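Here the sequence shown is numbered in the UniProt record's numbering, starting from 1 and rising by one per residue. Beta carbons are placed, not taken as given, at the ideal position from N, Cα and C, and that holds for glycine. Because the structure is a prediction, the values reported are computed rather than measured. Here is the structure we will look at.
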Amino acid sequence: MAERVWVCTVCGWMYDESQGVPEQGIEPGTPFEDLPEEFLCPECSAGKEAFEVMEV
C-alpha cells in the first residue's frame, strides 16, 4: 500500500503522516486533513493550501 506524503509547493518540505511534526505538537499518524487550519509549513510558513499529496 502506498504511503501519502504532503509536499509544500513553495519550498518542497514534506509532511509525512507517519512521522507527524512532534516539534509542533503534531503526533505521528496524524492525517494531513486533521492538521489545524492554521498549520504552517515549518520551513517557509506557507499555509495548508500550498500542500499537494504525493503517494510514495
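Option nearest C11 by Cα separation, candidates E37, A46 and E23: Per the Cα distances, A46.
Which listed residue (G20, M14 and P22) has its alpha carbon closest to that of A50: Nearest option by C-alpha distance: M14.
Residues sharing a beta bridge with C44, DSSP: C44 has no beta-bridge partner at all, per DSSP.
Beta-ladder partner(s) of W6, from DSSP: Note: W6 sits in a beta bridge opposite Y15 and V53.
Nearest neighbour of F32, chosen from E3, C44 and E17 [CA to CA]: The residue with the shortest Cα to Cα distance from F32 is E17.
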